[in-house]
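Colleague:
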Amino acid sequence: MKYLIMCKSLTNAQRASLLLERRGLSAAVVKAPQSLRANGCGYALSLYRRLPEAVEILKNGNLLTGRIYIRMEDGSYREAASDDLSR
Amino acid sequence: MIYLDNAATTLIKPVSVGRAMLRAMQECASPGRGGHRAAMRAAELVYRCRETAAELFHVPDPSRVVFTMNATHGLNIAINSLVKEKTKVLISGYEHNAVTRPLRQRGAEIIVAESPLFDSEACLHAFEEQMGQAGLVICTMVSNVFGFILPIRKIAALCRARGVPLIVDASQAAGVLDIDFQALGAAFVAMPGHKGLFGPQGTGLLLCGQEGEPLLFGGSGSDSLLQEMPGYLPDRLEAGTHNVPGIAGLLAGMEYVRERGAEKIMDQECALLCTAVEELRDFAGAELFTGQEGMQSGVLSLRVRGMDCDEAANQLSERGICLRSGLHCAPFAHKSAGTLETGTLRMSFSPFVSESELRLCCQAIRELSQRKR
Numbered sequence: 001m002k003y004l005i006m007c008k009s010l011t012n013a014q015r016a017s018l019l020l021e022r023r024g025l026s027a028a029v030v031k032a033p034q035s036l037r038a039n040g041c042g043y044a045l046s047l048y049r050r051l052p053e054a055v056e057i058l059k060n061g062n063l064l065t066g067r068i069y070i071r072m073e074d075g076s077y078r079e080a081a082s083d084d085l086s087r
Numbered sequence: 088m089i090y091l092d093n094a095a096t097t098l099i100k101p102v103s104v105g106r107a108m109l110r111a112m113q114e115c116a117s118p119g120r121g122g123h124r125a126a127m128r129a130a131e132l133v134y135r136c137r138e139t140a141a142e143l144f145h146v147p148d149p150s151r152v153v154f155t156m157n158a159t160h161g162l163n164i165a166i167n168s169l170v171k172e173k174t175k176v177l178i179s180g181y182e183h184n185a186v187t188r189p190l191r192q193r194g195a196e197i198i199v200a201e202s203p204l205f206d207s208e209a210c211l212h213a214f215e216e217q218m219g220q221a222g223l224v225i226c227t228m229v230s231n232v233f234g235f236i237l238p239i240r241k242i243a244a245l246c247r248a249r250g251v252p253l254i255v256d257a258s259q260a261a262g263v264l265d266i267d268f269q270a271l272g273a274a275f276v277a278m279p280g281h282k283g284l285f286g287p288q289g290t291g292l293l294l295c296g297q298e299g300e301p302l303l304f305g306g307s308g309s310d311s312l313l314q315e316m317p318g319y320l321p322d323r324l325e326a327g328t329h330n331v332p333g334i335a336g337l338l339a340g341m342e343y344v345r346e347r348g349a350e351k352i353m354d355q356e357c358a359l360l361c362t363a364v365e366e367l368r369d370f371a372g373a374e375l376f377t378g379q380e381g382m383q384s385g386v387l388s389l390r391v392r393g394m395d396c397d398e399a400a401n402q403l404s405e406r407g408i409c410l411r412s413g414l415h416c417a418p419f420a421h422k423s424a425g426t427l428e429t430g431t432l433r434m435s436f437s438p439f440v441s442e443s444e445l446r447l448c449c450q451a452i453r454e455l456s457q458r459k460r
């Protein structure tokens, strides 16, 4: 499963990625799909596992600044629900 | 060539600086302008530079480190953000035109906390006396003309106690003095990359305690549908393509400072200052502007008796010695020191200046003066 955590800026995404890396989670900084950005271009964190843990770390670090999406098998995205974020 | 104009630009850089710039030109595209490898390499490099600056200057969040073209650019952003027409701005008697010209342009009411050269207590007292009427304080950490180290921590404490915002010009301090952004509690701290941080010309940093108002408007690679600049740092203050090779060089320069230690660099420059003073102190043909230990950085202003300072600098230049002469873009500092009519000849040091080079320069100054007689 691929997850996207939207970030308010490239620098914010980089800080968030480093924080996760320091806590043993791998998340790449990627250009966010236009369809998921209300205001145009932006960046997101892409990760494949341990979403709830990542979200908690980012929340605690005040670095969770955008919505969270899950990529579906058909390539579309749906916003993560609270069930997706519980461990 | 003997280069002693490091307060303007450090010409001799660590070898790593040029190498990093070349590599960046060949391998990095533009941060925030795509998700491809070359753009992301640039983004990583730029972020590493922000992070290194944040560590070096105790900025809690790398997003608050904004890249500028130089200290003047950073000061203009800071002044543009905080000064409206008629704002009363209290400045030291040692400010550069990079502060006073933008203030005049904004229509500020400038109040000068005048104090004698190398008198730290008088400087603090002058700020204390006049702070009541100020809506903003702007202060340099070190005079670019005389190397006078102003009591910035105490001035910052006064500002915090009275609730007056502070802009710090760290042009001559970055790389040689400890700059603790968090402890200062300043609204903005501006510094160039090309002096004590050993980056190339065209680089600078603005440390931001608040979001600030942009001077430039344009693409930021973020929130592109909006026609206003983004409301968050650093994007808000960084319109247009970054100077990525310059930032790569600045990163290498800051890594050099971090490895060597600002305190050690300062010690080395002060040792050179002592050598110059020893060489010229007993020489009647030169008038030196020196302070007590701990009051002066690696900058020495002097006058050659009976000789125009620009003429002296020209003659030294003919002998391959590079010193700056004149008012050094800081008429307020000369007014404070009583040298406005004549200007001064200035030698300024770096870790790449050798003692033997300095002694040759002092010998040349003595010869100039004797020839004049």
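As you go down the protein sequences, you meet chains V and E in turn.
According to my numbering, the first sequence holds residues 1 to 87 in order.
According to my numbering, the second sequence holds residues 88 to 460 in order.
The C-beta atom is built at its ideal place from N, Cα and C for all residues, glycine as well.
1. Using the Cα positions of E:Val263 and V:Ile70, report the straight-line distance between them to the nearest angstrom.
2. Taking C-beta pairs closer than 8 Å, name the residues in chain E that V:Val30 reaches, listed in chain order.
3. Would E:Val251 and E:Val224 be called neighbours here (beta carbons separated by less than 7 Å)?
4. Spell out the partners DSSP gives E:Leu223 in its beta bridges.
5. Cβ closer than 9 Å: which chain E residues qualify as neighbours of V:Gly40?
6. Applying the 10 Å Cβ sphere with the 16-neighbour rule, what's the burial state of V:Tyr43?
7. Name the two residues that bound the continuous alpha helix (DSSP H) containing E:Cys396.
8. Can you list, in chain order, the residues of its chain with a C-beta nearer than 7 Å to that of E:Met341? Leave out the 5 residues immediately preceding and following it.
9. In its own chain, which residues sit with a C-beta less than 6 Å from the C-beta of V:Leu64, not counting the 5 before and 5 after it?
10. Could one say the Cβ of E:Ala141 lies closer than 7 Å to chain V's Cβ atoms, at least one of them?
11. Measure the C-alpha to C-alpha separation of E:Glu208 and E:Lys175 and round it to an integer number of angstroms.
12. Here's a check: name, in chain order, each residue in its chain whose Cβ is nearer than 6 Å to the Cβ of E:Gln383, leaving out the five neighbours to either side.
13. At a Cβ cut of 9 Å, what residues of the segment 129–140 of chain E count as close to chain V, listed as they run along the chain?
14. Does E:Pro461 come within less than 7 Å of chain V when only Cβ atoms are used?
15. Would V:Tyr48 be called buried (16 or more neighbouring beta carbons within 10 Å of its own) or exposed?
16. So, for V:Leu20: in the same chain, excluding its five sequence neighbours on each side, which residues have a beta-carbon less than 8 Å away from its beta-carbon?
17. CA-CA distance, E:Lys100 and E:Leu337?
18. What is the residue span of the alpha helix (DSSP H) that E:Ile242 lies within?
19. Please list, in chain order, the chain E residues whose beta carbon lies closer than 8 Å to that of V:Asn12.
20. For E:Ala130, which residues in the same chain have their Cβ closer than 8 Å to its Cβ, ignoring the five residues on either side in sequence?
21. With DSSP collapsed to three states, give me the class of V:Lys59.
22. Taking the Cβ atom as the reference point for each residue, do E:Leu324 and E:Val153 lie within a distance shorter than 7 Å?
23. Which residue's Cα is closest to the Cα of E:Thr227: E:Gly333, E:Leu237, E:Gly219?
24. State whether the segment 188–208 of chain E contacts the segment 294–314 of chain E, with contact taken as three or more CB pairs (one from each stretch) at a distance under 8 Å.
25. If you run the structure through DSSP and keep just helix, strand and coil, what is E:Lys282?
26. Are the beta-carbon atoms belonging to V:Gln14 and V:Val30 less than 7 Å from one another?
27. According to DSSP, is V:Leu45 helix, strand or coil?
28. Which residues in chain E sit within 9 Å of V:Ser9, going by Cβ to Cβ distance?
29. So which of E:Ala261, E:Asp265, E:Gly272 has the shortest CA-CA distance to E:Ile254?
30. Candidates E:Thr429, E:Met434, E:Lys422: which alpha carbon is nearest E:Glu182's?
31. Starting from the beta carbon of E:Met127, find every residue of chain V whose beta carbon is closer than 8 Å, and list them in chain order.
32. Closest by CA to E:Lys282, which one among E:Leu98, E:Asp369, E:Met88?
Modeller: Let's see:
1. The residue labelled residue 263 of chain E in the question sits at position 176 within the second sequence. The residue labelled residue 70 of chain V in the question sits at position 70 within the first sequence. Each residue's Cα considered, the two are about 49 Å apart.
2. The sequence position of residue 30 of chain V within the first sequence is 30, counting from 1. In chain order: Gly122.
3. Within the second sequence, numbered from 1, the residue matching residue 251 of chain E stands at position 164. Within the second sequence, numbered from 1, the residue matching residue 224 of chain E stands at position 137. Cβ atoms of E:Val251 and E:Val224: closer than 7 Å.
4. The residue given as residue 223 of chain E occupies position 136 in the second sequence. Bridge pairing for E:Leu223: E:Val176 [DSSP].
5. Taking the first sequence and counting its residues from 1, the one referred to as residue 40 of chain V is at position 40. The contacting residues are Ser309, Asp310, Ser311, Leu312, Leu313.
6. As a position in the first sequence, residue 43 of chain V is number 43, starting the count at 1. Counting Cβ neighbours within 10 Å, V:Tyr43 comes out buried, since at least 16 surround it.
7. Within the second sequence, residue 396 of chain E is the residue found at index 309, counting from 1. E:Cys396 -> alpha helix (DSSP H) spans 396–405.
8. Looking up residue 341 of chain E in the second sequence gives position 254. For E:Met341, same chain residues with a beta-carbon under 7 Å away, outside a window of 5 residues either side, are Thr139, Ala140, Leu143, Leu284 in chain order.
9. Counted from its first residue, the first sequence places residue 64 of chain V at position 64. Taken in chain order, the residues that qualify are Leu58.
10. Locating residue 141 of chain E in the second sequence gives position 54, counting from the first residue. So, not an interface residue.
11. Counted from its first residue, the second sequence places residue 208 of chain E at position 121. Counted from its first residue, the second sequence places residue 175 of chain E at position 88. Approximately 23 Å between the Cα atoms of the pair.
12. For the purposes of this step, residue 383 of chain E is taken as the residue at position 296 of the second sequence. By the criterion of a C-beta distance shorter than 6 Å, E:Gln383 is surrounded in its chain by Gly234, once the five residues flanking it on both sides are discounted.
13. Here the close residues are Ala130, Glu131, Val133, Tyr134, Arg137, Glu138.
14. The requested residue 461 of chain E is not part of the displayed model; chain E covers only 88 to 460.
15. Position 48 of the first sequence holds residue 48 of chain V. Exposed, because fewer than 16 other Cβ atoms sit within 10 Å of the Cβ of V:Tyr48.
16. As a first step, residue 20 of chain V must be located in the first sequence, where it is residue number 20. Contacts found: Ser26, Ala27, Leu45, Leu47, Ala54, Ile57, Leu58.
17. Within the second sequence, residue 100 of chain E is the residue found at index 13, counting from 1. Within the second sequence, residue 337 of chain E is the residue found at index 250, counting from 1. Whole-angstrom Cα-Cα distance: 10 Å.
18. The residue labelled residue 242 of chain E in the question sits at position 155 within the second sequence. 239–249 is the span of the alpha helix (DSSP H), which, as asked, contains E:Ile242.
19. As a first step, residue 12 of chain V is located in the first sequence; it is residue number 12 there, counting from the start. Within chain E, the residues whose beta carbon sits less than 8 Å from that of V:Asn12 are Ser150, Tyr319, listed in sequence order.
20. Against the second sequence, residue 130 of chain E aligns to sequence position 43. Excluding sequence neighbours, E:Ala130 sits near Pro118, Gly119.
21. To locate residue 59 of chain V, count along the first sequence from 1; it is residue 59. In the structure shown, V:Lys59 sits in a helix (DSSP, three-state: H, G or I).
22. Counting from 1 along the second sequence, the entry for residue 324 of chain E is found at position 237. Counting from 1 along the second sequence, the entry for residue 153 of chain E is found at position 66. In this structure, E:Val153 lies closer than 7 Å to E:Leu324 by Cβ.
23. Translated into positions along the second sequence, residue 227 of chain E becomes position 140. Ranking E:Gly333, E:Leu237, E:Gly219 by Cα distance to E:Thr227 puts E:Leu237 first.
24. Fewer than three Cβ pairs drawn from the segment 188–208 of chain E and the segment 294–314 of chain E lie within less than 8 Å of each other, which leaves the two stretches out of contact.
25. Mapped onto the second sequence, residue 282 of chain E falls at position 195. Here E:Lys282 carries a coil assignment [DSSP, helix/strand/coil].
26. Reading the first sequence from its first residue, position 14 is the one you call residue 14 of chain V. Reading the first sequence from its first residue, position 30 is the one you call residue 30 of chain V. The Cβ atoms of V:Gln14 and V:Val30 do not sit closer than 7 Å to each other.
27. Counting from one through the first sequence, the residue named residue 45 of chain V turns up at place 45. In the structure shown, V:Leu45 adopts extended strand secondary structure according to DSSP, grouped into three states.
28. For this step, residue 9 of chain V is matched to residue 9 along the first sequence. Annotation: Cβ neighbours of V:Ser9 in chain E (cutoff 9 Å, chain order): Gly119, Ser150, Ser307, Gly308, Ser309, Asp310, Pro317, Tyr319, Leu320, Pro321, Asp322.
29. As a working mapping, residue 254 of chain E is identified with position 167 in the second sequence. Considering only E:Ala261, E:Asp265, E:Gly272, the residue with the shortest C-alpha distance to E:Ile254 is E:Gly272.
30. Position 95 of the second sequence, counting from 1, holds the residue named residue 182 of chain E. Ranking the options by Cα distance to E:Glu182, first place goes to E:Lys422.
31. The residue given as residue 127 of chain E occupies position 40 in the second sequence. Residues of chain V with a Cβ closer than 8 Å to the Cβ of E:Met127 are, in chain order, Val29.
32. To locate residue 282 of chain E, count along the second sequence from 1; it is residue 195. For E:Lys282, the closest of E:Leu98, E:Asp369, E:Met88 by C-alpha to C-alpha distance is E:Leu98.
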